[in-house]
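The numbering of the first sequence is my numbering, which starts it at 25 and goes up by one.
No residue lacks a Cβ here, since even glycine has one placed at the ideal position from N, Cα and C.
Source: prediction; values computed, not measured.
Note sheet for the following structure.
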Amino acid sequence: MQYHFNDIEAKWQKYWAENQTFKASNSSDKPKYYVLDMFPYPSGAGLHVGHPLGYIASDIYARYKRHKGFNVLHPQGYDSFGLPAEQYAIQTGQHPAITTETNIKTYRRQLDQIGFSFDWSREVRTSSPEYYKWTQWIFIQLFESYYCFNDNKAKDIKELIYVFKLNGNCPKESGLNVACDDNIEIFSADDWNGFSSEKQQEILLQYRLTYLAETEVNWCPALGTVLANDEIVNGVSERGGHPVIRKKMTQWSMRISAYAERLLQGLETIDWTESLKESQRNWIGKSVGASVTFNVKMTSEMLKQVQHDEVQSHSELVSESHPLKIEVFTTRPDTIFGVSFMTLAPEHELVQTITTPEQKADVEAYILATSKRSERDRMADVKTISGVFTGAYAEHPFSKKPIPIWIGDYVLAGYGTGAVMAVPCGDQRDYDFAKHFNIPIPNIFEGVDISEEAYASKDNVKIANSDFLDGMNYKKASKRAIFELEQLGQGEGKTNYRLRDAVFSRQRYWGEPFPVYYVNGMPQMIDKQYLPITLPEVEKYLPTETGEPPLGRADIWAWDTTTNTVVSNDKINNTTIHPLELNTMPGWAGSSWYFFRYMEEKANRGEDFASKDALNYWENVDLYIGGSEHATGHLLYSRFWVKFLKDREFVGVEEPFKKLINQGMILGTSAFVYREDGTNTYLSKGLINDKKVAPIHVKVQYVNASDELDIEGLKNDGEFGEDFKDAEFILEDGVYKVGREVEKMSKSKYNVVNPDNICEQYGADSLRLYEMFLGPLEQAKPWNTAGITGVHGFLKKLWKLYVGEDGLLVNDATPTKDNLKTLHKTIKKVEEDIENFSFNTSVSTFMIAVNELTAQKCTSKEVLQPLLVLLSPYAPHITEELYSQLGNEGSIATVAFPKFDASHLVESSKNYPISFNGKMRFTLELPMDMSKDDIEKTVMAHEKTIAQLDGRTPKKVIIVPGKIVNIVG
RNA sequence: GCUCAAGUGGCGGAAUUGGUAGACGCGUCGGAUUCAAAAUCCGAUUCUUCGGAGUGUGGGUUCGAUUCCCACCUUGAGUACCA
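Next up, the structure:
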C-alpha cells in the first residue's frame with residue numbers, strides 16, 4: 025500500500041471538523057494553555073508559503089501541549105477592517121464587504137488544507153458588527169476615563185468632575201496629578217461651577233483618555249488619510265510607500281502617553297525577545313533630566329508685542345520684573361554652566377514675540393524656508409546647519425550672564441518643550457551650530473580637549489568652570505544643579521518620554537464607525553445599549569484627496585436622540601437630530617483586544633465583550649507568535665488597552681501576551697531578465713558585461729533550477745505575456761539565463777510560491793515539516809521548493825516502516841534494546857526542541873530515528889506507536905492515519921506524550937576514554953548535587969579504569985565546577 | 001550616528017553547561033535497478049601541495065574555544081537632529 029497523502033489529508037481534516045477535535049472547553053480539570061497567532065489581514069492575494077510559517081509553529085506547540093495534558097485554546101480569526109482590505113477593494117472596484125468575504129473564504133480554504141488545529145467555533149472578524157460593537161464600547165470607556173498618576177491608574181471621569189466642583193484643577197489645591205494636554209488653563213472650583221456646559225466639556229476633553237484635538241498629523245494624500253507614527257517608515261507610508269506631509273486636523277487621539285512608564289516597566293515582566301523589548305523601549309524613549317526655566321531679558325518692544333500676542337496668557341502679567349519664560353528640557357543639568365546660547369524650534373510660540381525689529385526679516389524668511397521643507401527633505405538633510413539669531417537674550421539662572429536666543433530647525437517642536445539650552449562643549453549638534461555661527465564654546469570639563477569635537481560622554485569626567493559644581497561627576501553635579509534650580513524656582517527634575525499620543529481617526533470608509541455624535545460641535549457618546557453603530561452604505565467609499573471622510577457621502581448618517589437611531593442627514597435640526605462622526609477608527613483598534621474575544625465561544629457571546637468566567641479562566645495569552653513588524657504598533661497598543669481595561673476592572677491581567685515569538689520572514693528568490701536600454705531585446709545574464717540594462721522581474725514559474733528561462737511560457741502568459749510578445753531574447757549557450765536575487769516574497773516581485781501547489785504535489789505534512797526544517801523559526805530564510813523532496817522522502821520512508829506491500833508491518837514483537845534506545849533518544853530530543861522552539865532540529869531527529877528503525881527492521885508497536893505521537897504535532901495527517909491503522913480508535917491528538925526513560929540510554933552514555941591530540945581525555949558526567957568527597961572517590965575509581973584501558977596513568981585531574989570532570993593524561 | 005541580532009562547506013543549516021566542527025537535508029559526483037526515463041536504493045562530498053589548515057579578522061583566557069573576554073571588519077533589522 026502506497027502513501028496517498030492527498031486522500032489521507034482530506035480524510036483527517038474532515039474527521040477533525042466533524043468530531044470538533046480541537047474545540048476548547050471553558051471548564052476543565054486540566055491546566056489551561058492559550059496559544060495565539062497574530063490573525064491575518066485577508067488580502068486579495070491569498071496566502072503564500074511565507075504566511076503559514078508562524079501558524080505551523082504555533083500549531084505544533086498547541087498540539088504538543090494537548091499531548092502534554094493541557095486544555096489548549098488555539099483560535100483563529102481575521103483582522104478584516106483597515107487599509108489593506110480597503111486598498112484591495114479599491115483596486116478591484118468592489119465593495120470592501122464583498123472582497124473581504126471572498127478573501128476570507130480563500131484564506132479559510134488555504135488554512136484548512138494545511139491541517140491546523142484551530143478552534144474555529146471562536147472565530148472573530150473585526151469587521152463584523154457583533155465584534156466592533158465592543159470596539160466601540162471600549163472607545164466609550166476610554167472617553168469616560170482619565171489617568172491619575174497618584175494611583176497610577178485610569179479612573180472614571182466622574183471622579184475628576186467631582187474634584188473640579190470641589191477644588192478646581194490647580195495641582196496644589198486639588199491634589200490632582202493627572203494626564204492632560206499641555207498648557208491647560210488653571211481654574212478654581214468657583215470658576216468651574218460657573219462655566220457653561222460647553223466650556224466644561226471642552227476642558228474635560230483635555231483630560232479624557234481619548235480626546236478630540238486639533239493636532240499636527242501625518243497626512244498621506246495618496247491614501248487619503250492620516251497615519252500614526254508607526255505607520256510611517258522613512259518619511260513615507262508603510263503601505264504603498266506614498267509621501268506623507270504634516271497637516272493640522274481635528275482628530276481623535278489616544279492618550280497612550282499617560283501609560284508610558286507602565287508600558288516601559290511592564291516589559292520587565294514578560295518573556296519577549298530582548299530585541300523586541302528594546303524597540304519598545306526606544307519607541308517609548310524615556311529620558312531623565314531636568315526642566316530649566318530661562319528668563320528672557322525684556323525690551324520695551326517685547327512688552328508691546330506681549331500685550332498684542334497675549335502669550336502665556338495663563339501666567340502672571342508680564343513686565344520687566346516678571347519676564348517671559350522659556351522652559352527647556354535637558355538630560356544634562358550638570359552642564360548648565362556650559363550654556364552659551366539657546367535654540368528654539370522655528371514653530372516655538374515665543375519666536376515672534378521676542379524677535380527684535382532688526383532681526384525680524386531674517387527670522388521670518390527662515391521660518392518660511394523651513395516650513396516649506398517636507399518631512400523627508402528634513403530627514404534626508406541632517407548635515408546642513410541652519411539657523412538665525414532672534415536678537416533677544418535670556419538670562420543664565422546662576423551666572424545671570426546674557427544668553428543669545430537663536431532659532432534652528434535641528435530643534436524639534438514636537439519633543440520636550442521645543443527649546444533647548446545649548447551646551448556646545450557637551451553636545452555635538454550644539455557644537456556644530458556654535459562653530460558654524462561663531463558662538464563661543466566654553467569648556468566645563470576638567471582636562472578634556474574640545475578643540476575638535478564635543479565631549480558627549482557622561483563618564484570619567486569632572487565638571488570645571490562651573491561655580492558650585494566644580495570637581496563633581498555627572499551624577500553628583502546633576503543632583504546639585506537640580507537642587508539649586510529648585511531653590512531659585514527655575515527648574516526641577518523631570519522625565520520626558522518620546523512616546524506621542526496616537527492619532528485614532530482615519531478618513532476612510534472600511535473601519536469601525538465612532539459611537540459619537542456632535543451637539544454644538546462637542547462630541548457626545550452614544551449609550552452602550554444602542555451599539556453597534558453600523559457602517560452606513562455610501563455610494564462611493566473611495567477616499568478623497570482633500571481629506572473629507574467618505575462617510576460624509578452617506579445619506580443616512582445622523583443621530584436621533586429621541587428614538588436613538590441612525591436617521592437621514594437632511595433631518596439634522598440641532599435639537600434632537602445631530603450629525604454623527606464621519607471618521608472611522610484605525611486598523612489597530614480591532615486588533616488591540618481580539619485575544620479576549622476568543623475566550624468565549626461564539627454561541628455564548630452575550631452581553632459582555634467576554635464573560636467574567638471566560639476571562640478569569642483563560643487570563644492572558646501564554647504564547648503569541650507573529651511578525652516583528654508589529655513591534656511598535658499592534659504590540660504596544662494592545663498592551664495599552666489591556667492596562668486600561670485592567671484599571672477599569674474589565675479584565676484581570678496587566679499584560680496581554682506572556683511569551684512572544686517573532687517568526688522570521690520566508691524570502692522568495694526573484695528572477696530577472698535584462699532589457700537593454702532603449703531596445704526591446706533582452707540579454708541573457710552572462711552577456712550583459714558593461715551594457716546598460718534594466719532588470720525586470722519575471723514570474724519564477726518560468727525559470728527552472730538551472731536559472732534557464734522558458735521563453736515560450738513567458739510569452740504566452742495571460743497576465744504579462746503581452747509585454748514580451750515582440751521581444752527578442754539573446755541566448756548564451758543556447759539558453760536564456762536569468763538573474764537571481766533573494767527578496768521579500770511578494771506578488772509584485774513575481775516570486776511567490778503558493779502553498780496550494782505544494783499541498784497538491786507533496787501534501788500538507790510535507791509542507792509543514794519543510795517550513796520548519798528550513799531553519800530557525802525566528803530567522804529570515806529563503807524558500808527553495810527543490811529541497812522539499814528531502815522531507816517528503818522522509819514521510820514516504822516513515823510510511824514504509826509501518827505499511828508494506830501486503831499491509832501492516834507492525835506487530836507485538838518485543839522491542840530490542842536498540843529500538844528502545846532510538847525511541848527514547850528521540851523522545852528526549854523532540855521534547856527539548858519543542859520547549860525551545862527549535863523545530864528545525866527535531867525534523868532532523870525524526871529522519872535519523874526512521875533511518876535507524878528501518879535499519880533495525882523494527883516492527884514493534886511498543887516503539888512505533890509512541891513515535892507517531894511524537895511526530896503528530898509536526899505531521900498530523902500521516903500520524904493520524906498510521907495510528908488508526910495500528911488499530912486505535914479516535915484521534916491521536918489527545919494521546920499522552922510518551923514518557924522519556926533514561927535507562928534505555930544508559931549504555932550509550934557509558935564513558936570510554938578517547939585519545940585526542942596525543943593526549944588522553946576522559947569526560948565523566950556527574951550529578952550536580954554530588955558532594956566533593958564523592959566526586960573524588962568517583963574520579964579515583966575511574967582513574968583506575970582508564971589506566972587499565974589505556975595502559976597509562978593520568979597525570980592531571982581537573983575538576984571543573986559543575987558536573988564535568990576532565991582527566992588529562 | 002545609536003540600539004539589537006548575526007557571520008560555520010557549493011546551499012539551508014547542526015553542534016547540551018567550553019570537550020571528536022560540519023549532524024540532517026538540498027545540490028553535485030559515482031554505482032545498483034531499468035530497453036530507457038521517472039521513482040527507489042547504496043556510496044562519496046570543508047579545503048589540502050597529504051605535512052596539515054580550518055567556524056569573518058587580530059589578540060586573550062583555558063589542558064581544550066564555533067561557544068567565554070577585548071578590539072576590529074562585514075551583513076541584516078529597528079530607530080533617527082529626542083537635547
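1. Just verifying my parser: in three-state terms, what is the DSSP assignment at Leu606?
2. Can you check whether the CB of Gly106 is closer than 7 Å to the CB of Phe63?
3. Excluding sequence positions up to five away, which residues of its chain have a Cβ less than 7 Å from the Cβ of Lys482?
4. Apart from the five residues just before and just after Met954, which ones in its own chain have a Cβ nearer than 7 Å to its Cβ?
5. Less than 7 Å separating the beta-carbons of Gly362 and Pro466?
6. In three-state DSSP terms, what is Met445?
7. Which one of Lys595, Glu477, Ile114 and Glu572 has the shortest CA to CA distance from Ala582?
8. Between Glu476 and Pro428, what straight-line distance do the alpha-carbon atoms span, to the nearest angstrom?
9. Output needed for Ala613: all residues of its chain with C-beta closer than 7 Å, excluding positions within five of it in sequence on either side, in chain order.
10. Identify, in the order they occur along the chain, each residue of the same chain with its Cβ nearer than 6 Å to the Cβ of Phe318, setting aside the five sequence neighbours on each side.
11. Just to confirm, is the Cβ distance from Arg87 to Phe167 under 7 Å?
12. The beta strand (DSSP E) with Glu240 in it runs from where to where?
13. Determine the direct distance from the alpha carbon of Thr45 to that of Leu844, and round the result to whole angstroms.
14. Assuming Ala178 contacts Arg672 (C-beta within less than 8 Å), just tell me the rounded distance between them.
15. Quick one: using the 10 Å Cβ neighbour count with 16 as the cut-off for buried, is Ser529 buried or exposed?
16. How is the beta strand (DSSP E) around Val543 delimited, first residue to last?
17. Roughly how far, in whole angstroms, is the beta-carbon of His901 from the beta-carbon of Trp161, given that I think they are within contact range, below 8 Å?
18. Considering Met366, what are the terminal residues of the alpha helix (DSSP H) in which it resides?
19. Given this structure, state the Cα-to-Cα distance separating Leu184 from Leu639, to the nearest angstrom.
20. Going straight from the alpha carbon of Asp215 to that of Asp473, what length do you get?
21. Start and end of the alpha helix (DSSP H) containing Asn306?
22. Give the straight-line distance between the Cα atoms of Thr809 and Tyr554, rounded to the nearest whole angstrom.
23. Please report the Cβ distance between Gly139 and Ala788, rounded to the nearest whole angstrom; I am assuming they are in contact, meaning their Cβ atoms lie under 8 Å.
24. For Arg672, which of helix, strand or coil comes out of DSSP?
25. In the DSSP output, which residue or residues are listed as bridge partners for Gly828?
26. Output yes or no for whether 7 Å exceeds the beta carbon distance between Ser616 and Ser662.
27. Select from Glu767, Ile360 and Ile754 the residue whose C-alpha is nearest the C-alpha of Ile468.
28. For the alpha helix (DSSP H) holding Ile902, just list the boundary residues, first then last.
29. Where does Asn95 fall in DSSP's three states?
30. Between Met549 and the rest of its own chain, which residues show a CB-CB distance below 7 Å, the 5 nearest in sequence each way excluded?
31. Can you list, in chain order, the stretches of the beta strand (DSSP E) that have 3 or more residues and sit fully within the segment 568-629?
32. Report yes if the C-beta distance between Asn127 and Pro66 is below 7 Å; otherwise report no.
33. So the alpha helix (DSSP H) Ile431 belongs to, where does it begin and stop?
34. Taking all protein chains shown into account, do 16 or more other C-beta atoms lie within 10 angstroms of the C-beta of Ser261, making it buried, or fewer, making it exposed?
35. Do Gly78 and Asp61 have their C-beta atoms closer together than 7 Å?
36. What first and last residue would you give for the beta strand (DSSP E) that runs through Trp276?
Taking the geometry as given:
1. Indexing the first sequence from 1 puts residue 606 at position 582. Coil at Leu606, not helix or strand.
2. For the purposes of this step, residue 63 is identified with residue 39 of the first sequence, where counting begins at 1. For the purposes of this step, residue 106 is identified with residue 82 of the first sequence, where counting begins at 1. A distance of 7 Å or more separates the beta carbons of Phe63 and Gly106.
3. Walking along the first sequence from the start, residue 482 turns up at place 458. Tyr498, listed in sequence order.
4. Along the first sequence, read from residue 1 onward, the residue named residue 954 stands at position 930. Residue placement at Met954 is poorly supported in this model, since its pLDDT is 47, which falls under 50; the coordinates still yield a value, given next. So the list is empty, once near-sequence residues are dropped.
5. The residue you call residue 362 lines up with position 338 of the first sequence. The residue you call residue 466 lines up with position 442 of the first sequence. For Gly362 and Pro466, yes; Cβs fall inside 7 Å.
6. Position 421 of the first sequence, counted from the first residue, corresponds to residue 445. DSSP places Met445 in strand when its eight states are reduced to three.
7. By 1-based counting over the first sequence, the position of residue 582 is 558. Of Lys595, Glu477, Ile114 and Glu572, the residue nearest in Cα terms is Lys595.
8. On the first sequence, position 452 is the one that residue 476 refers to. On the first sequence, position 404 is the one that residue 428 refers to. When rounded, the distance between both Cα atoms is 23 Å.
9. For the purposes of this step, residue 613 is taken as the residue at position 589 of the first sequence. Taken in chain order, the residues that qualify are Thr159 and Glu536.
10. As a first step, residue 318 is located in the first sequence; it is residue number 294 there, counting from the start. Cβ within range, chain order: Ile350 and Ala418.
11. Locating residue 87 in the first sequence gives position 63, counting from the first residue. Locating residue 167 in the first sequence gives position 143, counting from the first residue. Cβ atoms of Arg87 and Phe167: not closer than 7 Å.
12. In the first sequence, the residue the question calls residue 240 occupies position 216. In this chain, the beta strand (DSSP E) harbouring Glu240 covers Thr234 to Cys244.
13. The residue labelled residue 844 in the question sits at position 820 within the first sequence. The residue labelled residue 45 in the question sits at position 21 within the first sequence. For Leu844 and Thr45, the distance between alpha carbons rounds to 31 Å.
14. Here residue 178 refers to the residue found at position 154 when the first sequence is read from its first residue. Here residue 672 refers to the residue found at position 648 when the first sequence is read from its first residue. Going by Cβ atoms, the distance from Ala178 to Arg672 rounds to 6 Å, so yes, they are a contact pair.
15. Position 505 of the first sequence holds residue 529. Burial call: buried.
16. Residue mapping note: residue 543 aligns to position 519 of the first sequence, counting from 1. Run containing Val543: Val540 to Val543, per the beta strand (DSSP E) assignment.
17. Translated into positions along the first sequence, residue 901 becomes position 877. Translated into positions along the first sequence, residue 161 becomes position 137. About 41 Å; that fails the 8 Å criterion.
18. The count along the first sequence starts at 1 and reaches residue 366 at position 342. Where Met366 is concerned, there is no enclosing alpha helix (DSSP H), although the beta strand (DSSP E) it sits in stretches over Phe365 to Leu368.
19. For the purposes of this step, residue 184 is taken as the residue at position 160 of the first sequence. For the purposes of this step, residue 639 is taken as the residue at position 615 of the first sequence. If you take the alpha carbons of Leu184 and Leu639, they lie about 29 Å apart.
20. As a first step, residue 215 is located in the first sequence; it is residue number 191 there, counting from the start. As a first step, residue 473 is located in the first sequence; it is residue number 449 there, counting from the start. The straight-line gap from Cα to Cα measures roughly 57 Å.
21. Residue mapping note: residue 306 aligns to position 282 of the first sequence, counting from 1. Residues Glu298 to Ile308.
22. By 1-based counting over the first sequence, the position of residue 809 is 785. By 1-based counting over the first sequence, the position of residue 554 is 530. Computed Cα separation, rounded: 53 Å.
23. Here residue 139 refers to the residue found at position 115 of the first sequence. Here residue 788 refers to the residue found at position 764 of the first sequence. Confirmed, Cβ separation roughly 5 Å.
24. Working through the first sequence from its first residue, we reach residue 672 at position 648. Arg672: coil per DSSP, three-state reduction.
25. Start at 1 with the first residue of the first sequence, and residue 828 comes out as number 804. Bridge partners of Gly828 according to DSSP: Gly831.
26. Sequence index remark: in the first sequence, residue 616 carries index 592 (1-based). Sequence index remark: in the first sequence, residue 662 carries index 638 (1-based). It is a contact, given that the beta carbons lie within the stated cut-off.
27. Stepping through the first sequence from its first residue, residue 468 is reached at position 444. Nearest C-alpha to Ile468: Ile360.
28. Within the first sequence, the letter at position 878 stands for residue 902. It spans Pro900 to Gln909 - the alpha helix (DSSP H) in which Ile902 sits, taken as one unbroken run.
29. For this step, residue 95 is matched to residue 71 along the first sequence. If DSSP states are grouped into helix, strand and coil, Asn95 belongs with the strands.
30. Stepping through the first sequence from its first residue, residue 549 is reached at position 525. Correct list, in chain order: Ile164, Phe167, Pro539 and Val540.
31. 582-584, 589-591 and 601-603
32. In the first sequence, counting from the first residue as 1, residue 127 sits at position 103. In the first sequence, counting from the first residue as 1, residue 66 sits at position 42. Between Asn127 and Pro66, the C-beta gap is smaller than 7 Å, which places the two residues in contact.
33. Translated into positions along the first sequence, residue 431 becomes position 407. Here Ile431 belongs to no alpha helix (DSSP H); instead the beta strand (DSSP E) covers Pro426 to Ile431.
34. Counted from its first residue, the first sequence places residue 261 at position 237. Burial call: buried.
35. For the purposes of this step, residue 78 is identified with residue 54 of the first sequence, where counting begins at 1. For the purposes of this step, residue 61 is identified with residue 37 of the first sequence, where counting begins at 1. Against a cut-off of 7 Å, the Cβ pair of Asp61 and Gly78 comes out as a contact.
36. The residue given as residue 276 occupies position 252 in the first sequence. Taken as a continuous stretch (DSSP letters only), the beta strand (DSSP E) holding Trp276 covers Ile269 to Met278.
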